[in-house]
Amino acid sequence: RKEVEQDPGPFNVPEGATVAFNCTYSNSASQSFFWYRQDCRKEPKLLMSVYSSGNEDGRFTAQLNRASQYISLLIRDSKLSDSATYLCVVKSGGSYIPTFGRGTSLIVHP
Amino acid sequence: NAGVTQTPKFQVLKTGQSMTLQCAQDMNHNSMYWYRQDPGMGLRLIYYSASEGTTDKGEVPNGYNVSRLNKREFSLRLESAAPSQTSVYFCASSQGSPADTQYFGPGTRLTVL
Numbered sequence: 810r811k812e813v814e815q816d817p818g819p820f821n822v823p824e825g826a827t828v829a830f831n832c833t834y835s836n837s838a839s840q841s842f843f844w845y846r847q848d849c850r851k852e853p854k855l856l857m858s859v860y861s862s863g864n865e866d867g868r869f870t871a872q873l874n875r876a877s878q879y880i881s882l883l884i885r886d887s888k889l890s891d892s893a894t895y896l897c898v899v900k901s902g903g904s905y906i907p908t909f910g911r912g913t914s915l916i917v918h919p
Numbered sequence: 478n479a480g481v482t483q484t485p486k487f488q489v490l491k492t493g494q495s496m497t498l499q500c501a502q503d504m505n506h507n508s509m510y511w512y513r514q515d516p517g518m519g520l521r522l523i524y525y526s527a528s529e530g531t532t533d534k535g536e537v538p539n540g541y542n543v544s545r546l547n548k549r550e551f552s553l554r555l556e557s558a559a560p561s562q563t564s565v566y567f568c569a570s571s572q573g574s575p576a577d578t579q580y581f582g583p584g585t586r587l588t589v590l
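Listed below in structure tokens is the structure:
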């Protein structure tokens with residue numbers, strides 16, 4: 810079983826839709842969680858960190874469920890510019906070495 | 478403030494040739510990393526350097542060597558390139574704590590014929 814698993818998609822949604830991605834992790838000692846965004850042929854960039862209480866940044870909401878060992882990303886009112894690959898990233902306790910999921914592809918169409 | 482820079486952006490090699498990928502960061506970060514990204518495989522860690530003077534193997538180190546030249550620079554060397562090393566290579570840096578985030582360079586697209 811891979812340490813960090815994501816549904817590769819693609820998720821193909823119309824503009825204005827709400828879409829949610831899940832990511833599961835296998836190491837129960839994981840402590841730090843992030844979502845990165847990667848545009849086609851570009852480098853990954855931090856979208857948001859994921860906090861235990863959940864956090865929101867505009868149209869984006871991230872949640873952490875430690876009991877079930879998954880994190881989620883909710884995108885509301887999707888824009889064409891949201892089309893990208895979303896990478897789930899997990900760090901285990903005390904480690905600065907992140908483990909990346911393979912990414913979930915999102916395509917937002919008019 | 479350029480962040481993380483990588484050179485070259487593109488490179489084509491023949492099997493058996495050697496080359497060095499350069500990476501530099503101007504954020505005074507302690508930790509630096511080299512990844513490769515292949516279709517369907519996600520980002521895989523090749524080597525990392527937790528701090529100046531230290532380097533460690535990641536998930537896929539075979540065929541590569543690294544040098545942490547100073548706090549700013551971390552290079553990746555392919556001694557004898559193979560077609561299996563055709564990939565996109567990303568360098569990244571971070572402060573080096575569990576909660577911090579990584580900043581990536583723009584990548585080097587390498588093709589080995």
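Line order of the protein sequences matches chains C and A. Position one of the first sequence corresponds to residue 810 (this note's numbering), numbered consecutively onward. Position one of the second sequence corresponds to residue 478 (this note's numbering), numbered consecutively onward. Ideal Cβ positions, reconstructed from N, Cα and C, are used throughout, including at glycine.
DSSP state of residue i, grouped into three classes?
i	result
residue 533 of chain A	strand
residue 514 of chain A	strand
residue 562 of chain A	helix
residue 590 of chain A	coil
residue 891 of chain C	helix
residue 918 of chain C	strand
residue 880 of chain C	strand
residue 864 of chain C	strand
residue 827 of chain C	coil
residue 576 of chain A	coil
residue 569 of chain A	strand
residue 851 of chain C	coil
residue 539 of chain A	coil
residue 583 of chain A	coil
residue 911 of chain C	coil
Whose CA, out of the options, lies closest to the CA of residue i?
i	options	result
residue 881 of chain C	C/847, C/857, C/891 and C/867	C/857
residue 482 of chain A	A/511, A/582 and A/587	A/582
residue 498 of chain A	A/516, A/543, A/478 and A/530	A/543
residue 828 of chain C	C/884, C/909 and C/849	C/884
residue 867 of chain C	C/849, C/888 and C/838	C/888
residue 842 of chain C	C/811, C/817 and C/874	C/874
residue 494 of chain A	A/556, A/577 and A/487	A/556
residue 592 of chain A	A/500, A/517 and A/490	The requested residue 592 of chain A does not occur in the structure, where chain A is confined to residues 478 to 590.
residue 928 of chain C	C/822, C/860, C/865 and C/835	In this structure chain C extends from 810 to 919, so residue 928 of chain C is not present and cannot be described.
residue 546 of chain A	A/538, A/530, A/520 and A/490	A/530
residue 811 of chain C	C/861, C/896, C/854 and C/909	C/909
residue 898 of chain C	C/919, C/825 and C/836	C/836
residue 907 of chain C	A/561, A/519, A/488 and A/478	A/519
Who are the Cβ neighbours of residue i in its own chain at under 7 Å, not counting the five residues just before and after it?
i	result
residue 833 of chain C	814, 878 and 879
residue 485 of chain A	585
residue 559 of chain A	492, 540 and 589
residue 859 of chain C	842, 843, 844, 871, 873 and 880
Using a Cβ-Cβ cutoff of less than 6 Å, which residues in the same chain neighbour residue i once the five nearest sequence positions on both sides are dropped?
i	result
residue 894 of chain C	847, 912 and 914
residue 565 of chain A	514, 584 and 586
residue 522 of chain A	512, 535 and 536
residue 818 of chain C	913 and 914
residue 916 of chain C	819, 821 and 892
residue 550 of chain A	501
Which same chain residues, not among the five before or five after residue i, have their C-beta less than 8 Å away from its C-beta?
i	result
residue 580 of chain A	480, 481, 502, 504, 506, 569, 570 and 571
residue 508 of chain A	525, 526, 527, 528, 570, 571, 572 and 573
DSSP has residue i in a bridge; who is on the other side?
i	result
residue 519 of chain A	A/515
residue 546 of chain A	The partner list for residue 546 of chain A (beta bridge, DSSP) is empty, contrary to what the question assumes.
residue 901 of chain C	C/839
residue 496 of chain A	A/555
residue 821 of chain C	C/916
residue 526 of chain A	A/509
residue 874 of chain C	C/879
residue 501 of chain A	A/482 and A/550
residue 490 of chain A	A/589
Mind checking whether the beta-carbon of residue i lies closer than 7 Å to any heavy atom of the ligand HEM?
i	result
residue 504 of chain A	The ligand HEM is not part of the structure shown, which contains no ligands of any sort.
Discussion item. Which residues of the segment 898-913 of chain C have a Cβ closer than 9 Å to any Cβ of chain A? Give them in chain order.
Written reply: With the criterion set as a beta carbon lying under 9 Å from some beta carbon of chain A, the members of the segment 898-913 of chain C are 898, 900, 901, 902, 903, 904, 905, 906, 907, 908, 909, 910, 911 and 912, in sequence order.
Discussion item. Tell me which residues of the segment 870-882 of chain C have at least one Cβ-Cβ distance to chain E shorter than 7 Å, keeping chain order.
Written reply: Any reference to chain E falls outside this structure, whose protein chains are C and A.
Fill in: chain A contacts from the segment 836-849 of chain C (Cβ-Cβ distance under 7 Å)
Listed by position along the chain: 840, 841 and 843.
Discussion item. Short of 9 Å Cβ to Cβ, which residues in the segment 576-587 of chain A face chain C?
Written reply: So the list reads 576, 577, 578, 579, 580, 581, 582, 583, 584 and 586, given in the order they occur along the chain.
Fill in: Proximal residues, the segment 813-828 of chain C versus chain A, C-beta separation under 7 Å
Of all residues in the segment 813-828 of chain C, none has a C-beta nearer than 7 Å to a C-beta of chain A.
Worksheet entry | Where the segment 539-571 of chain A meets chain C: residues whose CB sits under 7 Å from a CB there | Per Cβ criterion, the list reads 567 and 571.
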